[in-house]
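Chemist:
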Amino acid sequence: MDFPLMRQSRATATRSLCLLGASGSVGGTALRYLKRYPGIQLESVSVHSSIDRLREIFRDFSPALACISHEDAYDYAIDELRQDYPNVHFFRGADGLVEMVRESAADTVLTAVVGACGIRATIAGIESNRKIALANKETLVTAGPAIAAHSAFADGSSSGACIIPVDSEHNSLFQLLECHGSARSGSAGSALKSVLLTASGGPFREWSKEQIRAARREEVLNHPTWTMGPKITVDSAGMINKGLELIEAKFLFALAPESLDVRIHRHSVVHSMIQLTDGSFHLSCSHPDMIFPVAHTLHYPDPVPVAHPEATDPEFWPALEFEKVDEERFPGFRLCRQAMAAGGTAPAILNAANEVAVDAFLKDLIAFCEIPDLIERALDTEIQNTNDLEELIQADEQTRMALSDFLAAQSRSKK
0 MDFPLMRQSR ATATRSLCLL GASGSVGGTA LRYLKRYPGI QLESVSVHSS IDRLREIFRD
60 FSPALACISH EDAYDYAIDE LRQDYPNVHF FRGADGLVEM VRESAADTVL TAVVGACGIR
120 ATIAGIESNR KIALANKETL VTAGPAIAAH SAFADGSSSG ACIIPVDSEH NSLFQLLECH
180 GSARSGSAGS ALKSVLLTAS GGPFREWSKE QIRAARREEV LNHPTWTMGP KITVDSAGMI
240 NKGLELIEAK FLFALAPESL DVRIHRHSVV HSMIQLTDGS FHLSCSHPDM IFPVAHTLHY
300 PDPVPVAHPE ATDPEFWPAL EFEKVDEERF PGFRLCRQAM AAGGTAPAIL NAANEVAVDA
360 FLKDLIAFCE IPDLIERALD TEIQNTNDLE ELIQADEQTR MALSDFLAAQ SRSKK
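Read in order, the letters of the sequence shown are residues 0 to 414 in numbering that gives the first Met the number 0.
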């Protein structure tokens, strides 16, 4: 049985790929895997502003389509790029992402762009009957109700669209639930009691609340386990990324919010676990490298055809230790759970506020400890119970505008 949103039985192994966000961490991992496994063609690709990275991709692959989502970067480089790569069709900006997805001939769209700009591109892939390898949190956090209500995922739909999660925790959870037949009507589904995602705990897992409040920028960006972009690294330091992942899991696997939780597991060997009603736990484990979930997603439903040299035998694993998230030290995680329970526009508001706050922090406009304060301020509004995409995006945009205006006024008052 399929998960209602994923419709994984429609999936076929990837032969050609449209990669959105090639200059980011997940996008880089996907390119690393494509070099190792040449059976998948890179048909189209996007970067945000890294023209040098795009040139490297042209050197290593031969995509027919390319998008530069940062409009100023596109305008600066496009004449020279067209001269150097006359056979490539270039696209500009966030609208260009959507246009490229629609024109792409690839059978799979890997959405690894960061931020809400990935929502419409993902929907374009769904409406083009593609397999979506989903690595963009905001698609489900902001627009989850609209995606779940999309006609492509309705019972009896003839659409070929499906969603397979790339994120390491969701991908491992997908594999666990498939192994145990825990689709909504599966034989083991009634025995499923709870789902636990794991978190490394970030750089502040042993810090006191007072130490975290005084954290400096360089300390926030020093993640002990994963190499990621700055926005996701900041989210991880405040455990907000894990709260966003809970919201994603709710939609991906049609789970009740109360059945979802997180455990801090500093070594990142276990990525997810499920508890059955008999009290037993089943765990999904692997070396902490994103190449595992990327490869699984691209090849699904076929097995991954190559062995990963990063794989390690359990005898080399550290001791497995787990602890609950301290919501006093990580209030952003508490706010994510609050938004997940509220539903409707609450997750969209939370995500938009977090993006604005993290951007302000990275520009040294606010302290790290002010990020959850700004999110809480944004959530102090009327929540609309809706699954309409435009209403969800409107909530996102209004939150960004209101919080940006607040920060601008705050900055003026300090001068």
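Even for Gly, the Cβ is constructed at its ideal location relative to N, Cα and C.
Under 8 angstroms, with one C-beta from each stretch per pair, do the segment 254-268 and the segment 119-137 reach the 3-pair mark?
Modeler: No: the two stretches stay apart, fewer than three of their Cβ pairs being nearer than 8 angstroms.
Chemist: How many Å lie between I374 and A356 at the Cα?
Modeler: If I take the Cα positions, the gap works out to 8 angstroms.
Chemist: Is DSSP giving A120 helix, strand or coil here?
Modeler: Correct three-state label for A120: helix.
Chemist: Alpha carbon to alpha carbon, how far is L16 from L53?
Modeler: When rounded, the distance between both Cα atoms is 16 angstroms.
Chemist: Name the residue from A142, H88, K130 whose alpha carbon lies nearest to the alpha carbon of G114.
Modeler: Here the closest residue by C-alpha is A142.
Chemist: On a CA-only basis, which of T276, A340, F152 is nearest L245? Give me that one, please.
Modeler: Of the candidates T276, A340, F152, the one whose C-alpha sits nearest the C-alpha of L245 is A340.
Chemist: Whole angstroms are fine: how far does the CA of A408 sit from the CA of F2?
Modeler: Cα-Cα distance, rounded: 46 angstroms.
Chemist: Consult DSSP for A341 and reduce its assignment to one of helix, strand or coil.
Modeler: Correct three-state label for A341: helix.
Chemist: Skipping 5 residues on each side, what residues in its chain have a beta carbon closer than 6 angstroms to that of N128?
Modeler: So the qualifying residues of the chain are S158, G159, A160.
Chemist: Check each candidate in E320, D395, P37, H286 and name the one with the smallest Cα separation from D312.
Modeler: Of E320, D395, P37, H286, the residue nearest in Cα terms is H286.
Chemist: Give the DSSP-derived three-state secondary structure of F90 in the structure shown.
Modeler: In the structure shown, F90 sits in a strand (DSSP, three-state: E or B).
Chemist: Taking the CB atoms as reference points, tell me whether G124 and V108 lie closer together than 7 angstroms.
Modeler: Yes; because the gap between Cβ atoms is below 7 angstroms, this pair is in contact.
Chemist: Mapping DSSP to helix, strand and coil, what is A230?
Modeler: Per the sequence shown, the amino acid found at residue 230 is Lys instead of Ala. In the structure shown, K230 sits in a helix (DSSP, three-state: H, G or I).
Chemist: Can you check which of these residues, S103, Y73, L251, D74, is closest to P62 by C-alpha distance?
Modeler: Residue S103 is the option with its Cα nearest to P62.
Chemist: In the DSSP assignment, find the beta strand (DSSP E) that holds V269 and state where it starts and stops.
Modeler: It spans 269-275 - the beta strand (DSSP E) in which V269 sits, taken as one unbroken run.
Chemist: I need the straight-line Cα distance from R411 to T398, nearest angstrom please.
Modeler: Using only the alpha carbons, I get a separation of about 20 angstroms.
Chemist: Could you give the uninterrupted runs of the alpha helix (DSSP H) lying entirely in the segment 45-113, keeping only those of 4 residues or more?
Modeler: As far as the segment 45-113 is concerned, its whole alpha helix (DSSP H) runs of at least 4 residues are 50-59, 70-83, 92-102.
Chemist: Short check: CB of A352 to CB of A318, under 7 angstroms?
Modeler: Cβ distance not < 7 angstroms, so A352 and A318 don't count as in contact.
Chemist: Buried or exposed: where does Y299 fall if 16 or more other Cβ atoms within 10 Å of its Cβ makes it buried?
Modeler: Classification of Y299: buried, given that the 10 Å Cβ count is 16 or more.
Chemist: From Q7 to F90, what does the alpha carbon distance come to, in whole angstroms?
Modeler: Looking at the two C-alpha atoms, the distance is approximately 30 angstroms.
Chemist: Measuring CB to CB, does V87 end up less than 7 angstroms from A105?
Modeler: Cβ distance not < 7 angstroms, so V87 and A105 don't count as in contact.
Chemist: Give the straight-line distance between the Cα atoms of F367 and S48, rounded to the nearest whole angstrom.
Modeler: Computed Cα separation, rounded: 26 angstroms.
Chemist: Cutting at 8 angstroms between CB atoms, please list the residues of its own chain near T110, excluding the five before and the five after it.
Modeler: If we look at T110 and ignore the five residues flanking it on each side, its Cβ neighbours are L19, G20, G117, A120, T121, G124, I131, A132, L133, A134, N135, T138.
Chemist: Would you mind listing the beta strand (DSSP E) stretches within the segment 366-392 that are 3+ residues and don't spill past its ends, in chain order?
Modeler: Complete beta strand (DSSP E) runs here, min 3: none at all.
Chemist: Nearest by alpha-carbon distance to S43: which of D51, G26, R35, Y36 is it?
Modeler: Checked all of D51, G26, R35, Y36; the closest Cα to S43 is G26.
Chemist: Quick check on this structure: which residue in L391, V194, L191, E326 has the alpha carbon closest to the alpha carbon of G237?
Modeler: Of the candidates L391, V194, L191, E326, the one whose C-alpha sits nearest the C-alpha of G237 is E326.
Chemist: Report the rounded CA-to-CA distance for V219 versus C335, giving the unit in angstroms.
Modeler: Each residue's alpha carbon lies about 19 angstroms from the other.
Chemist: On a Cα-Cα basis, can you pick out the residue from I290, F250, L282 that is closest to H149?
Modeler: Checking every option, the nearest Cα to that of H149 belongs to F250.
Chemist: In angstroms with no decimal places, state the Cα-to-Cα distance between D395 and F291.
Modeler: Distance between the alpha carbons of D395 and F291 is about 32 angstroms.
Chemist: Mapping DSSP to helix, strand and coil, what is S415?
Modeler: One cannot answer for residue 415 here, as it falls past the ends of the chain, which runs 0 to 414.
Chemist: From N240 to V305, what does the alpha carbon distance come to, in whole angstroms?
Modeler: Going from the Cα of N240 to the Cα of V305 covers about 30 angstroms.
Chemist: What is the DSSP secondary structure of F405, counted as helix, strand or coil?
Modeler: Looking at F405 - three-state DSSP - the assignment turns out to be helix.
Chemist: Going by the beta-carbon positions, is the gap between H295 and S283 smaller than 7 angstroms?
Modeler: No. Outside cutoff.
Chemist: Alpha carbons only, please: which of E168, P144, K34, R101 is nearest the one belonging to N386?
Modeler: Checking every option, the nearest Cα to that of N386 belongs to P144.
Chemist: Are there 16 or more other CB atoms within 10 angstroms of the CB of S181, so buried, or fewer, so exposed?
Modeler: Because S181 sits at a pLDDT of 46, beneath the cut-off of 50, its placement in the model cannot be relied upon, and the point is left open.
Chemist: Could you name the residues of the same chain whose beta carbon sits closer than 8 angstroms to that of A187, not counting the 5 residues immediately before and after it, in chain order?
Modeler: Low confidence applies to A187: its pLDDT is 41, below 50, so where it sits in the model is not reliable enough to give any reading.
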